[in-house]
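Each remark here refers to the structure printed beneath this line.
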Amino acid sequence: MDQKVLVLNGDYTAITLCSVQKAFVLLYLEKAELIAKSEHGVLRTVSRAYPKPSIIRLQRYVRVPYKGIALSRHNVMKRDNFECQYCGSTKNLTLDHVLPRSRGGDSSWSNLLTACSRCNHAKGHYTPQEAGLTIRQQPKKPTLTGFLKLSAGTLDQNWHPYLQ
Numbered sequence: 054m055d056q057k058v059l060v061l062n063g064d065y066t067a068i069t070l071c072s073v074q075k076a077f078v079l080l081y082l083e084k085a086e087l088i089a090k091s092e093h094g095v096l097r098t099v100s101r102a103y104p105k106p107s108i109i110r111l112q113r114y115v116r117v118p119y120k121g122i123a124l125s126r127h128n129v130m131k132r133d134n135f136e137c138q139y140c141g142s143t144k145n146l147t148l149d150h151v152l153p154r155s156r157g158g159d160s161s162w163s164n165l166l167t168a169c170s171r172c173n174h175a176k177g178h179y180t181p182q183e184a185g186l187t188i189r190q191q192p193k194k195p196t197l198t199g200f201l202k203l204s205a206g207t208l209d210q211n212w213h214p215y216l217q
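For the sequence shown, this note's numbering assigns the number 217 to the last residue and increments by one with no breaks.
Structure follows, in structure tokens:
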């Protein structure tokens, strides 16, 4: 039951992911409609069986003020797939400022990346070029659909048209 369900707004745009339980409640209260069923089982009550939802659409359009993805340590590491962006290690991860704060670098999506403590220490207060390090993937702000893909883990085949 730890599967995720894609929630679409009234205009079929993806807005979030929710649990199967929350999706079922929205369907049962007729606040959402079932767009696609999951191929992984059904939900059973004492007297009935219901299809397990994969995609639901809210009955009404909900105005969601998009403020972007919150800049946090966890979200930066999630964006970088929990890997050091210099050597690829997954151990002892920290955040690194590409342009060090001592040189005026800010804490932003384009200046923060995930680094292991060994590479972060080796880089010190230098830029990656000065320290002789190459960045595997340039840091940038993630999009909502891209972040939903990362958050979901495994993507249901039915989701692809809505996460383009």
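For glycine and all other residues, C-beta sits at the position ideal for the given N, C-alpha and C. Keep in mind it's a predicted model, so treat the numbers as computed, not measured.
> First and last residue of the beta strand (DSSP E) that includes R126?
Replying inline: Counting along the chain, R126 falls outside any beta strand (DSSP E), though it belongs to the alpha helix (DSSP H) covering 126-132.
>> Taking the alpha carbon of D64 as the reference point, which residue from V73, I109, V58 has its own alpha carbon closest?
In response: I109
>> Just verifying my parser: in three-state terms, what is the DSSP assignment at G94?
In response: strand
>> Any contact between the region 121-130 and the region 88-105? By contact I mean 3 or more CB pairs, one from each, below 8 Å.
In response: no
>> Applying the 10 Å Cβ sphere with the 16-neighbour rule, what's the burial state of R132?
In response: buried
> Expressed to the nearest angstrom, what Euclidean distance is found between the alpha-carbon atoms of A168 and M130?
Replying inline: 9 Å
>> Between which two residues does the alpha helix (DSSP H) holding C172 run?
In response: 170-176
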